[in-house]
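Structure first, commentary second.
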Amino acid sequence: MYTTKILTADDYDNFESLYEDFRSKAATEYNFELEPLDYDGFLDALDKDLIKGIVLYEDDVAEAFLVYTTAISEAIELNIIHSRTKDHFDVMARELLEKFINVTTTLRREKIVCYPMLGAQKDLISTIAKLGFRFVGIEVLRFRFDKPASLEIFERARVVRQPEEYEVVSWSPEYFEDAVRVIHESFKESSDALFDPRFTTLEGTRDIIDKIVNNVYAEFMPNSTSILLYEGKAVGFAFMNLTGGSIVNIPLVGVLQEHQGKGLSTIMLKHSMDYVIKAVNVYGMKIAEINTTTETNNLQALRLYKNLGFLEDYSYPQSYLPIA
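So in our numbering, spot 117 of the sequence shown is number 149, and the numbers just go up one at a time.
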């Protein structure tokens with residue numbers, strides 16, 4: 033007999049072993065790139081209302097849990113569903129999700145739910161589809177500094193000659209509002225807007241860019257963030273940030289439609305990557321990789337990244353539950 037309840041301070045002692053079980057499997061079973069919060073850090077985040085948890089009990093023993101947050105974006109972000117054993121994982125997940133859907137009823141009238149189904153969570157596709165979730169396939173690509181093939185491909189990358197009327201420069205705060213405009217135009221009708229509706233408005237996009245450049249999501253890398261200028265006006269951006277001191281991520285690349293199809297995104301990304309490679313080879317920064325994601329059916333983006341030495345690593349379903 034299962035019961036579910038919201039995780040509160042009264043449950044902290046009984047919940048610890050289940051959380052530690054998740055931590056021990058985060059990398060191997062769920063493809064977590066960074067180590068999850070330790071238990072004290074997790075409890076601190078709960079107490080500060082940065083995250084929320086729901087726990088499933090069987091005979092008063094915590095066997096599975098779900099964590100979500102409403103504090104980072106305009107979406108309700110479902111972070112993880114974990115069970116101590118994979119026996120009846122789908123059944124336990126459904127119980128947790130039904131509780132989650134119930135307690136977020138009011139919020140879901142204004143916010144979508146997004147849920148990256150990393151690793152073993154792929155097994156829950158049919159379960160959550162029955163609850164109304166929809167899916168987009170996401171591909172993870174990595175440029176690994178311990179893979180000579182990546183560096184060799186980068187050195188031989190096919191890059192068009194930069195037209196005279198275009199210039200690529202590194203980030204400067206004076207281009208903030210241009211970034212808001214370009215990223216909004218580039219993403220407002222993309223699948224990213226399904227997961228983060230902020231892309232659909234200038235105000236929301238401004239919040240995203242603000243959080244990127246002010247180190248909310250990760251450490252912003254201004255030198256490696258490239259701006260494409262056309263006759264002195266910003267028409268494209270490639271942002272880069274640093275996570276955990278060793279992983280560079282490309283969170284956003286956008287070029288206005290009238291400047292697409294000319295190979296300019298490759299020029300912009302190569303400019304960004306040159307800075308990262310120099311940081312590794314000249315200044316000795318301990319950067320392990322540059323990574324990014326794109327939709328599995330976005331063949332143009334996949335070709336772009338592979339041309340620069342990125343290798344496909346794994347894919348996962350990005351699911352979302354539309355506004356109620």
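We treat Cβ as the ideally placed atom computed from N, Cα and C, and that holds for glycine.
Can residue i and residue j be called in contact, C-beta distance under 8 angstroms?
| i | j | result |
| --- | --- | --- |
| V201 | L261 | yes |
| I319 | V287 | no |
| C146 | Y346 | no |
| N63 | L150 | yes |
| S297 | G268 | yes |
| L98 | D122 | no |
| N111 | T102 | no |
| I322 | F175 | yes |
| I170 | L129 | no |
| V87 | K37 | yes |
| A270 | M300 | yes |
| G341 | L183 | yes |
Under three-state DSSP, which class holds residue i?
| i | result |
| --- | --- |
| P349 | strand |
| N281 | strand |
| N134 | helix |
| V201 | strand |
| G151 | helix |
| V214 | helix |
| L129 | helix |
| A94 | strand |
| V192 | coil |
| T328 | coil |
| E65 | coil |
| F208 | helix |
Tell me the residue span of the alpha helix (DSSP H) that contains residue i.
| i | result |
| --- | --- |
| N111 | No alpha helix (DSSP H) contains N111, which is instead part of the beta strand (DSSP E) from 108 to 115. |
| F74 | 71 to 79 |
| T232 | T232 -> no alpha helix (DSSP H), and no H or E assigned at all. |
| P180 | 180 to 187 |
| K302 | 296 to 313 |
| I38 | Not the alpha helix (DSSP H): I38 falls in the beta strand (DSSP E), residues 34 to 38. |
| K338 | 331 to 339 |
| I160 | 157 to 161 |
Can you give the Cα-Cα distance for residue i and residue j, rounded to whole angstroms?
| i | j | result |
| --- | --- | --- |
| A266 | E109 | 32 angstroms |
| F54 | N46 | 14 angstroms |
| R230 | F252 | 20 angstroms |
| L163 | A41 | 29 angstroms |
| P354 | L226 | 8 angstroms |
| A250 | L284 | 13 angstroms |
| P254 | Y89 | 47 angstroms |
| E61 | T326 | 22 angstroms |
| H114 | E142 | 27 angstroms |
Can you give me the start and stop residues for the beta strand (DSSP E) that residue i sits inside?
| i | result |
| --- | --- |
| K57 | Where K57 is concerned, there is no enclosing beta strand (DSSP E), although the alpha helix (DSSP H) it sits in stretches over 44 to 62. |
| L260 | 258 to 262 |
| R371 | Any answer about residue 371 is impossible in this case: the structure gives the chain only from 33 up to 356. |
For residue i, list the residues DSSP reports as bridge partners.
| i | result |
| --- | --- |
| G85 | V99 |
| G286 | F269 |
| N323 | R174, N281 |
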